[in-house]
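A.B. asks:
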Amino acid sequence: MPISLYNSLTRRTEPFVPADPARVTMYLCGPTVYNYVHIGNARGPVVFDVLVRLLHRHYPQVVYARNITDVDDKINTAAQQQGVPIGTITERFARAYREDMAGLGVTPPDIEPHATAHIGPIIAMIENLLQSGHAYVAEGHVLFDVGSFPAYGELSGRDPDELIAGSRVEVAPYKRSPGDFVLWKPSTPELPGWDSPWSHGRPGWHIECSAMSAAHLGETIDIHAGGIDLLFPHHENEIAQSTCAHGGKVFARWWMHNGMLTFDGRKMSKSLGNVLLVHELLKQHPAEALRLRLLSGHYRQPLDWSDGAIAQATSTLDGWYRVLRDMADVELTTPLPIPERMEAALCDDLNTPQALAELSVLADAARQSGSAEAKAALLGGGALLGLLQQAPEAWFRRGESAIDEAHIEDLLQQRRAARAARDFARADAIRDELTALGIAIEDSAQGTRWSVLSS
1 MPISLYNSLT RRTEPFVPAD PARVTMYLCG PTVYNYVHIG NARGPVVFDV
51 LVRLLHRHYP QVVYARNITD VDDKINTAAQ QQGVPIGTIT ERFARAYRED
101 MAGLGVTPPD IEPHATAHIG PIIAMIENLL QSGHAYVAEG HVLFDVGSFP
151 AYGELSGRDP DELIAGSRVE VAPYKRSPGD FVLWKPSTPE LPGWDSPWSH
201 GRPGWHIECS AMSAAHLGET IDIHAGGIDL LFPHHENEIA QSTCAHGGKV
251 FARWWMHNGM LTFDGRKMSK SLGNVLLVHE LLKQHPAEAL RLRLLSGHYR
301 QPLDWSDGAI AQATSTLDGW YRVLRDMADV ELTTPLPIPE RMEAALCDDL
351 NTPQALAELS VLADAARQSG SAEAKAALLG GGALLGLLQQ APEAWFRRGE
401 SAIDEAHIED LLQQRRAARA ARDFARADAI RDELTALGIA IEDSAQGTRW
451 SVLSS
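Our numbering applies: residue 1 is where the sequence shown begins, and numbers increase by one.
1) Report, in whole angstroms, the separation of the C-beta atoms of V16 and L5, which I expect to be a contact under 8 Å.
2) Please classify K267: does DSSP put it in a helix, a strand, or coil?
3) Roughly how many angstroms lie between the CA atoms of G40 and T435, to the nearest whole one?
4) Across the region 352 to 367 and the region 286 to 300, are there enough close Cβ pairs to call them in contact, namely three or more that are closer than 8 Å?
5) State the Cα-Cα distance for the pair E331 and G247, rounded to the nearest angstrom.
6) Do you know offhand how far T88's Cα is from A65's?
7) Closest to S461 by C-alpha separation, out of D20, L55 and H38, would be which residue?
8) Could you give the distance in angstroms between the alpha-carbon of V46 and the alpha-carbon of K267?
9) Between the alpha carbons of N7 and W255, how many angstroms are there, rounded?
10) Just mark C265 as buried or exposed, buried being the case when its beta carbon has 16 or more other beta carbons within 10 Å.
11) Taking all protein chains shown into account, decide if D100 is buried (16 or more other Cβ within 10 angstroms of its Cβ) or exposed.
12) Do you know offhand how far P173's Cα is from L54's?
13) Which class does L183 belong to by DSSP, given the choice of helix, strand or coil?
14) Could you spell out the range, first to last residue, of the alpha helix (DSSP H) harbouring F144?
15) Which same chain residues end up closer than 8 Å to D145 when comparing Cβ atoms and leaving out the 5 residues on each side of it in sequence?
16) Output the boundary residues of the beta strand (DSSP E) element that contains T25.
17) Note down, in chain order, each residue of its chain lying with its Cβ closer than 6 Å to the Cβ of P31, except the 5 sequence neighbours on either side.
18) In terms of residues, what are the limits of the beta strand (DSSP E) holding S451?
19) Whole angstroms are fine: how far does the CA of S306 sit from the CA of V63?
20) What does the Cβ neighbour count give for M327, buried or exposed, with the cut at 16 atoms within 10 Å?
21) Would L379 pass as a contact of L346 if the rule is Cβ separation under 8 Å?
22) If you draw a straight line from the C-alpha of D49 to the C-alpha of Q413, how long is it?
23) Could you give the residue range of the beta strand (DSSP E) that holds M256?
24) With distances taken between CB atoms, is the gap from P203 to T262 smaller than 8 Å?
25) For a test of the three-state rule: what should DSSP assign to V106, helix, strand or coil?
26) May I have the straight-line CA-CA distance separating V24 from E433, to the nearest angstrom?
27) Just to confirm before moving on: does the CB-CB distance between A124 and V71 stay below 8 Å?
28) Is it the case that the Cβ atoms of R43 and N258 are separated by a distance below 8 Å?
29) The alpha helix (DSSP H) spanning A374 covers which residue range?
30) Roughly how many angstroms separate the alpha carbons of Y59 and A22, rounded to a whole number?
31) By the three-class DSSP mapping on this structure, what secondary structure does D20 have?
32) For A363, is the classification buried or exposed, using 16 other Cβ atoms within 10 angstroms of its Cβ as the cut-off for buried?
33) With 8 Å as the threshold, decide whether the Cβ of G153 is near any Cβ in chain C.
34) What did DSSP end up calling G166 once you bin it into helix, strand or coil?
35) So within the region 282 to 318, which uninterrupted beta strand (DSSP E) runs reach at least 3 residues, ignoring any that extend past its ends?
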């Protein structure tokens, strides 16, 4: 079935047709690695991970790049505050980012370009912009001349003067126009820098993504994705410099932006003290519950984050895994199918809420029928979303390393003996003792099962 995706540039949903069906290209703006990322930073990687999974089902090759920004003023500040080399900061938090994303079930990108490994291509692109009259040198800086690109502002759909007035654009005396943005800037001795024709310096943020994307995916790519907060100025600037550097070629044919996260209805911000780090959340909650919550709203809309929402996601997964646990003896003999209604939902502009609703229907069907076909459909649908990826017993015994399993089994044996002796008061007391230990028990015709209570 055809895929349709909303294009931020045209502001409408369009049938997705790649420039080359044999090689679909996609770029996602990655992290600036100076600290652990917060949960809002994870929404894009999780949502667009589902898109990449979907594209792989429809096309023979998908080349997916997600960059690492490892040269930036925030990194410089962090290194100076901690008294360590820049590389110590970037290596630590790039590794932490990969671990956090893996924890959320995000498949690694095909390409993970680092900005510092692309200084040559960055300088070459800047030289091209200078030669074509779209950039100028001023006091060791190189700046893009926004006035030289009449289409500036088309992505955000606003007049360039309004964009500049409503944003935090640095106004420096060496700029011809307040909206002109930095492609290269000089570095003082204590800052990282590279030799260039203009100064010993470092690249501006925007040019890095343009150069890395061109180096690995080509001058025109199919999909460029990122958070809505990057639409202006970052993505607007990427379009301007890439289009001008490549002789007017379209930079990205589709622009996709995910909405932002709020916390209990309020914007996440350091000043409010409600920034939640993925690194910490993965210690507090089941990773699949975090992923499920990130997929529970349509990617283009804002999504509210709360402890209650995570508890609900955990409960939902408990129910689905309970179905799979009860069907443990049902053998699968065929490759997992992808349920048609789930795929149809994702092909409709990545409608993950509808896909999750369909997955719930599949769980109900598997619970009622107990058939191999129903189990396969549930697992196949889960795989499309990156859910239901572990054995049911592993899900229910998450965190068991802190639990004395032998003690649990001994208590269960005592409870069985009490029930056999019709000492129901003792049996209930043992159940209460297990509950206090964080253990839930479930009696069935097949015996008594135990699992770790959801946090």
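From the three backbone atoms N, C-alpha and C, an ideal C-beta is built for every residue, glycine too.
Keep in mind it's a predicted model, so treat the numbers as computed, not measured.
C.D. replies: So, from the listed chains and residues:
1) Here residue 16 refers to the residue found at position 16 of the sequence shown. Here residue 5 refers to the residue found at position 5 of the sequence shown. According to the sequence displayed, residue 16 carries Phe and not Val. Sure, about 5 Å apart at Cβ, within 8 Å.
2) By one-based count along the sequence shown, residue 267 stands at place 267. It is a strand residue.
3) Your numbering for residue 40 matches position 40 in the sequence shown. Your numbering for residue 435 matches position 435 in the sequence shown. One C-alpha to the other measures close to 34 Å.
4) yes
5) As a position in the sequence shown, residue 331 is number 331, starting the count at 1. As a position in the sequence shown, residue 247 is number 247, starting the count at 1. Answer to the nearest angstrom: the Cα atoms are 58 Å apart.
6) Position 88 of the sequence shown holds residue 88. Position 65 of the sequence shown holds residue 65. Each residue's Cα considered, the two are about 24 Å apart.
7) The chain is shown only over 1 to 455; residue 461 falls outside these bounds and no answer can be derived.
8) One-based indexing of the sequence shown puts residue 46 at position 46. One-based indexing of the sequence shown puts residue 267 at position 267. Their Cα atoms are separated by approximately 20 Å.
9) Here residue 7 refers to the residue found at position 7 when the sequence shown is read from its first residue. Here residue 255 refers to the residue found at position 255 when the sequence shown is read from its first residue. Rounded to whole angstroms, N7 to W255 spans 5 Å at the Cα level.
10) Counted from its first residue, the sequence shown places residue 265 at position 265. Looking at the sequence shown, residue 265 is not Cys but Gly. It is exposed - the Cβ of G265 has fewer than 16 other Cβ atoms within 10 Å.
11) Position 100 of the sequence shown, counted from the first residue, corresponds to residue 100. D100 is buried by the Cβ-count criterion.
12) Locating residue 173 in the sequence shown gives position 173, where the first residue counts as 1. Locating residue 54 in the sequence shown gives position 54, where the first residue counts as 1. One C-alpha to the other measures close to 49 Å.
13) Taking the sequence shown and counting its residues from 1, the one referred to as residue 183 is at position 183. Correct three-state label for L183: strand.
14) Within the sequence shown, numbered from 1, the residue matching residue 144 stands at position 144. Unbroken run through F144 is the beta strand (DSSP E), H141 to F144; no alpha helix (DSSP H).
15) Translated into positions along the sequence shown, residue 145 becomes position 145. Taken in chain order, the residues that qualify are G133, H134, A135, Y136, R176, S177 and D180.
16) Translated into the one-based positions of the sequence shown, residue 25 becomes position 25. V24 to L28 is the span of the beta strand (DSSP E), which, as asked, contains T25.
17) As a first step, residue 31 is located in the sequence shown; it is residue number 31 there, counting from the start. V37 and Y97.
18) Your numbering for residue 451 matches position 451 in the sequence shown. Here the beta strand (DSSP E) through S451 covers G447 to V452.
19) Here residue 63 is taken as the residue at index 63 of the sequence shown, counted from 1. Here residue 306 is taken as the residue at index 306 of the sequence shown, counted from 1. Computed Cα separation, rounded: 35 Å.
20) The residue given as residue 327 occupies position 327 in the sequence shown. Looking at its Cβ environment, which holds 16 or more other Cβ atoms inside 10 Å, M327 is buried.
21) On the sequence shown, position 379 is the one that residue 379 refers to. On the sequence shown, position 346 is the one that residue 346 refers to. The answer is no: Cβ separation not under 8 Å.
22) The residue given as residue 49 occupies position 49 in the sequence shown. The residue given as residue 413 occupies position 413 in the sequence shown. Approximately 45 Å between the Cα atoms of the pair.
23) Translated into the one-based positions of the sequence shown, residue 256 becomes position 256. From DSSP, the beta strand (DSSP E) with M256 extends over A252 to N258.
24) To locate residue 203, count along the sequence shown from 1; it is residue 203. To locate residue 262, count along the sequence shown from 1; it is residue 262. Contact: no.
25) Sequence index remark: in the sequence shown, residue 106 carries index 106 (1-based). Three-state result, V106: coil.
26) As a position in the sequence shown, residue 24 is number 24, starting the count at 1. As a position in the sequence shown, residue 433 is number 433, starting the count at 1. Going from the Cα of V24 to the Cα of E433 covers about 56 Å.
27) Sequence index remark: in the sequence shown, residue 124 carries index 124 (1-based). Sequence index remark: in the sequence shown, residue 71 carries index 71 (1-based). Contact: no.
28) The residue labelled residue 43 in the question sits at position 43 within the sequence shown. The residue labelled residue 258 in the question sits at position 258 within the sequence shown. Yes, the pair counts as a contact, with Cβ atoms nearer than the cut-off.
29) Numbered from its first residue, the sequence shown carries residue 374 at position 374. From DSSP, the alpha helix (DSSP H) with A374 extends over A372 to L385.
30) As a position in the sequence shown, residue 59 is number 59, starting the count at 1. As a position in the sequence shown, residue 22 is number 22, starting the count at 1. Going from the Cα of Y59 to the Cα of A22 covers about 7 Å.
31) In the sequence shown, the residue the question calls residue 20 occupies position 20. Coil.
32) What you label residue 363 is simply residue 363 of the sequence shown in a count that begins at 1. Result: buried.
33) In the structure shown, chain C does not exist; there is a single protein chain.
34) As a working note, residue 166 is residue 166 in the sequence shown. A caution first: G166 carries a pLDDT of 46, below 50, which makes its placement in the model too unreliable to give a value.
35) 303 to 305
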